[in-house]
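6 protein chains.
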Amino acid sequence: MKKIVTLGEVMLRLSPPGNQRFFQAQDLEMEFGGSEANVAAALAYWGMDVCHLTAFPDHELGWAAAGKLRKNGIDTRAISFIPGRMGIYFLEQGAMQRSSQIIYDRADSAFADFDGEGLDWDAILDGVSCFHWSGITPALSQKCANLTLVALQKANERGIRVSGDLNYRSNLWQYGKAPHQVMPQLMELTHVMIAGGRDFRQCLNEEFKSFSDTKKMAFDRFPKLEYLVKTDRISHNSSVNTLSASLYGRKKSHTSKSYELTHIVDRVGSGDAFAGGLIYGLLHLSPKEAIEFAMAAGVLKHSVPGDILYCSLQEIQELVAGEGNGKIKR
Amino acid sequence: MKKIVTLGEVMLRLSPPGNQRFFQAQDLEMEFGGSEANVAAALAYWGMDVCHLTAFPDHELGWAAAGKLRKNGIDTRAISFIPGRMGIYFLEQGAMQRSSQIIYDRADSAFADFDGEGLDWDAILDGVSCFHWSGITPALSQKCANLTLVALQKANERGIRVSGDLNYRSNLWQYGKAPHQVMPQLMELTHVMIAGGRDFRQCLNEEFKSFSDTKKMAFDRFPKLEYLVKTDRISHNSSVNTLSASLYGRKKSHTSKSYELTHIVDRVGSGDAFAGGLIYGLLHLSPKEAIEFAMAAGVLKHSVPGDILYCSLQEIQELVAGEGNGKIKR
Amino acid sequence: MKKIVTLGEVMLRLSPPGNQRFFQAQDLEMEFGGSEANVAAALAYWGMDVCHLTAFPDHELGWAAAGKLRKNGIDTRAISFIPGRMGIYFLEQGAMQRSSQIIYDRADSAFADFDGEGLDWDAILDGVSCFHWSGITPALSQKCANLTLVALQKANERGIRVSGDLNYRSNLWQYGKAPHQVMPQLMELTHVMIAGGRDFRQCLNEEFKSFSDTKKMAFDRFPKLEYLVKTDRISHNSSVNTLSASLYGRKKSHTSKSYELTHIVDRVGSGDAFAGGLIYGLLHLSPKEAIEFAMAAGVLKHSVPGDILYCSLQEIQELVAGEGNGKIKR
Amino acid sequence: MKKIVTLGEVMLRLSPPGNQRFFQAQDLEMEFGGSEANVAAALAYWGMDVCHLTAFPDHELGWAAAGKLRKNGIDTRAISFIPGRMGIYFLEQGAMQRSSQIIYDRADSAFADFDGEGLDWDAILDGVSCFHWSGITPALSQKCANLTLVALQKANERGIRVSGDLNYRSNLWQYGKAPHQVMPQLMELTHVMIAGGRDFRQCLNEEFKSFSDTKKMAFDRFPKLEYLVKTDRISHNSSVNTLSASLYGRKKSHTSKSYELTHIVDRVGSGDAFAGGLIYGLLHLSPKEAIEFAMAAGVLKHSVPGDILYCSLQEIQELVAGEGNGKIKR
Amino acid sequence: MKKIVTLGEVMLRLSPPGNQRFFQAQDLEMEFGGSEANVAAALAYWGMDVCHLTAFPDHELGWAAAGKLRKNGIDTRAISFIPGRMGIYFLEQGAMQRSSQIIYDRADSAFADFDGEGLDWDAILDGVSCFHWSGITPALSQKCANLTLVALQKANERGIRVSGDLNYRSNLWQYGKAPHQVMPQLMELTHVMIAGGRDFRQCLNEEFKSFSDTKKMAFDRFPKLEYLVKTDRISHNSSVNTLSASLYGRKKSHTSKSYELTHIVDRVGSGDAFAGGLIYGLLHLSPKEAIEFAMAAGVLKHSVPGDILYCSLQEIQELVAGEGNGKIKR
Amino acid sequence: MKKIVTLGEVMLRLSPPGNQRFFQAQDLEMEFGGSEANVAAALAYWGMDVCHLTAFPDHELGWAAAGKLRKNGIDTRAISFIPGRMGIYFLEQGAMQRSSQIIYDRADSAFADFDGEGLDWDAILDGVSCFHWSGITPALSQKCANLTLVALQKANERGIRVSGDLNYRSNLWQYGKAPHQVMPQLMELTHVMIAGGRDFRQCLNEEFKSFSDTKKMAFDRFPKLEYLVKTDRISHNSSVNTLSASLYGRKKSHTSKSYELTHIVDRVGSGDAFAGGLIYGLLHLSPKEAIEFAMAAGVLKHSVPGDILYCSLQEIQELVAGEGNGKIKR
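Protein chains in written order, with numbering that gives the first Met the number 0: chain B, 0 to 329; chain Z, 0 to 329; chain E, 0 to 329; chain L, 0 to 329; chain H, 0 to 329; chain U, 0 to 329.
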């Protein structure tokens with residue numbers, strides 16, 4: 000059983016039920032989610048041994064968040080309970096021509112103030128095959144940026160493969176640093192990078208003529224980079240999308256099947272399901288199979304409410320194989 | 000901030016949750032809605048100063064109805080609380096090839112017995128830019144027909160633009176008058192008319208060869224008429240529709256973009272959202288922009304549960320501009 | 000009013016709400032369903048006089064099951080309350096590319112142990128036009144297989160038309176008999192057979208080159224057979240299917256319209272709704288009209304949550320006639 | 000199995016969930032209830048053969064009401080489906096020092112316009128042991144008063160025992176008759192009367208010095224009267240009541256145990272559960288046992304949400320015997 | 000109609016349904032509440048003209064909060080929409096021997112950063128009979144303390160009676176000031192003070208031997224003080240309390256009836272309901288009647304879920320008069 | 000951190016919401032519970048390191064059960080996933096004079112067929128302070144009885160204190176053995192026994208004159224027995240109980256405070272919460288403190304819905320100390 004470590008904030012996710020708008024809501028559905036923990040949960044559901052690093056406020060909401068991670072099969076023993084508040088995001092599901100909407104309320108969270116004090120890196124990284132981070136963490140605070148760098152250095156020292164989802168978010172980066180002052184040294188320590196053209200432009204503060212140029216630059220500039228992975232989504236409206244993904248190696252590239260998604264249930268976390276699928280795939284399958292597995296994982300996430308993909312390996316493999324097709328399994 | 004006045008009945012709306020049929024329901028979702036108040040709510044959400052005229056029974060259900068209008072930003076200070084019952088409509092949402100279904104239980108409502116006694120028209124109409132009515136009100140009772148006529152006369156005397164949604168409903172008109180005995184004099188006092196061919200045939204009790212003829216007749220017969228507006232809906236099934244709209248002026252006409260609607264959430268009130276959009280558009284935009292704004296408002300209503308469009312000006316403008324397209328707004 | 004008798008197990012159906020997976024659920028929606036009782040319920044909703052034969056455990060869950068059948072208009076006076084447990088099926092609704100999933104927990108149910116003791120066949124079959132069974136019952140236990148045979152013999156003795164839905168389920172047949180040891184003699188006593196190629200292969204333990212060959216064999220081998228009926232479903236995914244059906248007589252065949260189903264609400268029970276429609280159609284309409292009626296009934300079931308079709312004769316006839324098309328009925 | 004017939008209106012009951020007030024509600028729980036049908040349901044739950052006479056509007060809400068009665072085991076084959084609306088009552092559950100509140104919206108219901116046309120009295124009353132009515136029916140309309148009188152005459156002609164719950168309601172009697180113009184001739188045809196001092200005062204328009212005097216008068220004036228039954232409730236607040244009942248025969252009287260009720264769940268329908276218990280008791284037990292059985296039925300109703308007592312004979316008998324006492328039954 | 004102005008923060012209130020703990024919740028009930036706005040809502044429900052002063056973040060949650068205040072009948076036109084987050088409080092309802100629990104997440108709210116800029120005091124205070132504040136506001140931030148002082152000075156300048164609920168909360172006062180540095184000058188400007196012994200000790204940083212001494216000190220030290228009001232609660236457990244209140248004037252004192260509260264639904268906001276009742280009572284009734292009215296209002300709040308008392312004047316007066324007592328009102 | 004191991008079946012618990020009866024339910028609340036796992040969950044909530052031994056069916060329901068245990072902080076790595084069904088219990092909450100009711104559907108569960116194959120006892124029992132079992136497990140099947148005996152022997156061999164809750168259930172013991180053929184040798188290996196008079200009578204098939212005699216016999220007959228613990232419950236009705244407990248040592252005895260419980264939320268699992276409290280208490284406190292701690296834990300369970308006590312050490316200690324008393328904790 001492969002061991003994987005992930006690092007990142009987990010927020011309380013609050014959403015009006017069904018297609019209600021915030022203005023109409025009298026109840027909010029309560030979940031917990033965060034990009035990297037979503038990756039961890041998908042991997043744990045497939046039987047991996049996954050440890051998530053984060054910090055929670057030491058009160059009932061933090062305990063509930065940890066409980067939810069545990070339910071998802073994630074090892075929570077390295078989680079820190081410290082003073083501070085719980086980061087929150089309010090999510091309103093879109094439908095048809097109406098967009099989904101997120102109101103972030105994550106400033107001053109316990110995690111943003113977490114410097115990794117007390118983490119026993121030797122124990123945590125012992126026997127680990129992959130360490131996963133995302134561009135959200137270094138965008139939260141200087142402490143979080145530092146913690147990410149430390150983690151990536153520790154992982155590289157131990158020869159652990161690092162995967163990173165650049166995931167540039169313009170409304171973060173409020174603590175006085177610009178992405179290009181922080182991200183490049185993290186990218187240098189990353190072996191599998193999930194990123195599109197815009198992520199590179201923002202993280203490096205440079206313009207590129209085409210994605211082809213971007214790709215070339217990336218492999219030149221980041222010698223440890225093994226795979227560059229990009230998803231292509233055409234968002235027709237909130238209920239209908241087209242989705243495919245490509246994996247670029249130094250020598251060979253592979254593009255997945257393209258999927259028509261209608262009747263979308265919950266798009267949030269589909270990139271994380273994809274990242275989880277990619278990590279699983281690169282650990283167990285050929286690169287070509289890995290990108291198909293990852294894309295199928297990402298596709299299936301759209302059918303599951305909440306941040307997290309709860310789909311078995313078998314379900315994903317059947318979608319890759321074009322089987323099932325909506326028949327009732329008895 | 001423009002001031003607008005609307006007049007009409009507000010009913011208790013009761014619907015089984017999800018896709019349940021009445022026969023299956025153990026709970027009913029409780030909303031309040033009525034064509035003209037739905038228009039008022041959309042306008043209030045966009046920051047207009049809107050006063051709605053109606054009557055409610057003077058008990059908890061009437062108070063709750065008024066509370067809901069207030070929540071929607073509507074000025075309820077001119078509402079009358081009088082004896083009588085609350086009009087009700089039971090709505091079962093259709094899906095796929097199964098139609099939505101409405102059971103009206105609105106006879107003998109407080110509003111049907113309301114003659115407008117106690118309304119201070121001078122105060123109510125002071126500074127008002129637009130007065131809106133619909134063909135539902137004069138169809139309810141002789142008192143309601145009289146009240147509509149008085150309101151339109153008062154508005155016209157003060158030079159207020161009157162918009163009217165003819166909205167012919169064959170199952171109303173139970174009080175002994177036929178539409179053509181009542182509607183023509185109301186139409187004479189109306190500057191913006193939302194109506195299709197069938198509305199004209201029924202309200203005037205005349206046949207017309209084509210909508211082109213109807214349009215010509217309307218501008219000839221109603222000298223105050225500035226704009227005739229018509230929506231064109233192709234209803235493929237309860238979940239899939241095609242929608243566009245046209246605005247006809249005395250000189251120029253404009254037809255909106257056509258929208259493919261799939262995954263319809265709640266179609267009820269989409270005509271009212273359109274009417275609200277039209278009123279807003281004609282007060283703030285060019286006629287060409289107005290019909291696009293109105294159509295986008297009508298389209299977005301299909302994604303919001305309940306009778307009322309809760310979408311911001313910005314959301315509507317983005318749809319008009321073809322932006323957004325279902326991306327998550329963060 | 001035609002009298003119809005049906006025989007079969009009714010299970011407790013438990014499903015997570017909305018699009019939740021079992022792993023996420025904190026509540027389960029509670030229904031009761033079973034293939035033949037679903038047929039009975041559809042027929043009762045259309046005003047038929049339908050009596051269902053089954054057995055329930057004699058405790059509150061069995062009483063609740065009987066109460067639900069009664070609510071559906073089914074005559075429950077011949078139901079037996081005996082020791083044993085309630086059969087259960089756990090249903091997770093699929094969506095998009097994710098399949099629906101059923102976990103059966105029906106072993107050792109009261110019905111599986113029911114030998115029909117105490118049934119007064121003379122009273123039950125008096126004046127009956129049609130007796131309906133399915134291939135699920137003989138697959139449950141030797142007692143159930145025997146009971147089915149007795150019922151079919153009693154019906155044939157009285158000249159009652161027998162309809163049977165072969166409905167082969169590979170995960171049943173656990174009691175030591177193979178289908179071909181049991182089914183043929185039941186099929187010999189059946190006048191209207193709903194079955195596809197796979198059903199014939201499994202029930203007869205023979206291979207056929209084509210459905211055309213299968214059909215020929217069936218009419219040759221089963222001299223009482225009047226109609227062979229088959230549905231054709233293309234399952235694009237859990238939300239989108241294409242559906243049509245054919246009725247084969249000894250002389251003439253009829254194929255229904257083909258329906259595009261998008262936005263599927265609940266596919267479970269659509270075959271039963273179809274079977275109910277077929278029984279109704281063959282009792283009241285021409286064969287050509289019957290297959291259209293049956294198909295429209297099957298289509299509409301996809302829009303109604305739960306096992307049972309709650310749609311009026313008028314709604315089905317409107318779909319056959321191509322009317323309605325999703326307009327709101329007021 | 001004893002056969003019982005009941006007559007009366009069944010209304011749609013709509014209540015905010017939990018302890019919400021109407022002003023707060025966003026959903027309403029949907030039940031169906033009416034005094035006499037509540038009696039019928041309790042009796043049917045105990046295995047009696049009960050037929051309820053009423054009229055419903057011939058649309059989905061009326062069908063759903065009939066379905067609910069059937070679920071409760073009531074024979075609905077004599078119910079008439081006629082034009083008109085469904086009577087409604089809106090119920091807000093009180094708690095602590097806050098009273099429960101009912102808003103009636105029952106005017107012009109289908110039942111109020113029902114004259115019993117088409118009822119086959121010979122078939123309906125064949126083999127019947129008891130006919131039950133309440134003072135609500137004659138208070139609704141002249142037609143309903145006439146229908147009640149006809150029913151009581153038919154029952155008396157056939158020697159059927161008649162039980163009546165006077166149940167005076169001051170907010171009914173709107174059709175131009177006063178109770179004393181209508182009730183006395185119905186009381187003359189009644190053998191078991193449930194009534195308190197206030198009921199007698201209002202129905203006879205006379206004052207009595209004491210209940211003892213009232214009782215004496217009743218047995219003198221109504222020669223057919225066998226039992227006069229009265230419940231005594233001390234309502235400390237919405238959650239806490241004290242309850243007992245007395246049965247007066249011409250010779251002997253019996254008073255039940257007194258119960259302290261705390262933690263009241265739903266008081267509505269407790270009088271009907273009591274009446275059902277009384278009818279059951281007088282058919283199967285001694286008068287002394289009957290009043291204890293009736294009181295225990297009435298007590299247990301306070302613990303069941305909705306209008307109807309769903310408690311088995313065994314549960315009631317255990318309460319009478321002082322067993323159980325809140326232990327978990329496994 | 001009396002005009003009243005209130006000032007204070009309104010928070011999003013999120014609570015697990017029923018008796019669930021945070022650790023168990025999958026949904027949170029969504030309300031909005033804040034001490035002073037709760038007072039405002041109670042007064043508005045009784046027909047007062049109430050204007051609430053506060054600040055909300057200018058996004059959908061802030062708009063929803065304002066909508067909820069409007070629904071409650073509060074004039075929201077003076078509310079400021081500014082940058083910042085929405086204050087939140089997470090409330091878990093206790094039961095039996097388990098205490099209710101609140102997790103505050105209100106730091107850095109929009110209101111805490113509000114300095115009253117843009118408030119048109121002349122317009123706001125025109126014709127006002129009473130201005131109400133609480134000790135929570137000056138505890139939030141220096142800006143809030145300043146704003147409270149300005150408001151109280153403006154009110155005193157105009158001869159408006161000021162009521163203040165000292166409501167000392169030890170977990171606030173985080174901005175560097177101690178209560179006794181801020182509260183005394185606010186108390187000097189207050190005519191009606193709701194406070195217990197602990198409030199005085201903390202706000203003045205002094206010890207008193209008895210409440211009698213405290214009272215004497217208060218009337219001596221605060222010459223504008225007209226009434227000192229104190230509630231006495233014995234909290235037996237989360238479901239059972241005993242409650243009474245006393246009003247002390249310079250000459251006369253009055254103590255209310257004592258109420259036994261069992262079956263408590265929601266205790267939060269009962270002090271605010273009491274304060275609202277006191278303000279209403281002192282404006283319309285004698286001091287003796289006022290304290291009874293206030294106490295009854297406070298008592299009834301315990302039966303209503305949410306922060307706010309939705310009870311009519313009539314309901315409160317009936318409780319004062321000892322009528323009703325849990326009978327169903329029809 | 001103390002390490003504890005527990006052994007026993009975990010069932011799916013399904014209950015109608017609120018006070019509904021099974022006959023009324025349209026949804027069932029879904030929990031997982033089982034006596035020994037409930038003990039484990041309480042201990043894990045207090046920070047103990049608890050490992051639960053059980054077997055689940057290897058499908059989604061079994062995975063969900065394991066997920067729920069993990070959420071509760073229980074180490075699930077020793078759980079076996081094997082063929083079989085999930086045991087179920089249907090629970091209807093009583094109220095007032097109406098008893099709670101449980102329908103068991105646990106026959107032929109995966110656990111009943113579990114012989115402990117594959118358990119690595121050395122690893123499981125390494126460093127363990129306490130092993131807990133209950134009399135339910137040996138009552139399920141011969142395999143389960145054997146497994147319990149093996150476990151107790153392994154624990155005794157390693158000097159681990161064994162606690163056992165005799166918990167005699169008459170409706171189990173269906174596999175051909177009587178309790179007295181199985182229980183005595185398990186009791187011999189138990190150091191802390193929770194049992195009342197009836198448990199001893201049934202498990203030993205002997206009569207005792209008094210509990211005092213029983214106690215004497217127990218200490219004589221079971222030389223390893225350190226503590227005998229008994230709870231005393233007076234069940235006034237489903238909502239009101241009186242509760243206390245006694246701990247008997249060989250030398251000294253201690254009786255806890257007696258608690259009046261009103262407003263009971265969910266009594267199920269209160270014995271398990273008590274057992275958890277006892278184990279915690281005997282590991283950390285004096286015997287006198289332990290029985291108070293255990294009783295307070297049992298009392299608080301009545302206020303929490305579901306099988307499991309989610310209350311912190313601090314909450315329990317406050318109840319022991321008589322603090323808190325229903326005040327809101329902020």
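For each residue, glycine too, the CB sits at the ideal point set by N, CA and C.
query                                                                                                                                                                                : result
Could you tell me how far apart the beta carbons of ASP112 of chain U and GLY134 of chain U are, in whole angstroms, since I believe they sit closer than 8 Å?                       : Not confirmed; about 19 Å, so no contact.
Quick one: what does DSSP say ASN166 of chain L is sitting in, helix, strand or coil?                                                                                                : coil
Could one say the Cβ of GLY268 of chain U lies closer than 8 Å to chain H's Cβ atoms, at least one of them?                                                                          : no
Is the beta carbon of ASN170 of chain H sitting closer than 8 Å to the one on TYR103 of chain H?                                                                                     : yes
Give the DSSP-derived three-state secondary structure of LEU139 of chain L in the structure shown.                                                                                   : coil
Quick check on the DSSP output: the alpha helix (DSSP H) that includes LYS208 of chain U runs from which residue to which?                                                           : Segment: none, LYS208 of chain U is in no alpha helix (DSSP H) and carries neither H nor E.
PRO304 of chain U by DSSP, collapsed to three states: which one?                                                                                                                     : coil
Check whether the stretch 64–84 of chain H touches the stretch 24–33 of chain B, counting contact only when three or more Cβ pairs, one atom from each stretch, lie closer than 8 Å. : no
Give the interface partners of PHE89 of chain H over in chain B, defined as CB-CB distance under 7 Å, in chain order.                                                                : LEU60
Using 10 angstroms around the beta-carbon of GLU322 of chain B, count the other beta-carbons present and answer buried if the total reaches 16, otherwise exposed.                   : exposed
Which same chain residues end up closer than 6 Å to TYR174 of chain E when comparing Cβ atoms and leaving out the 5 residues on each side of it in sequence?                         : SER140 and GLN141
Tell me LYS328 of chain E's beta-bridge partners as DSSP assigns them.                                                                                                               : Z:GLN100
In this structure, what does DSSP give as the bridge partners for SER234 of chain L?                                                                                                 : L:ASN240
Here's the rule I'm using: 16 or more other beta-carbon atoms within 10 Å means buried, otherwise exposed. How should GLU205 of chain Z be labelled?                                 : exposed
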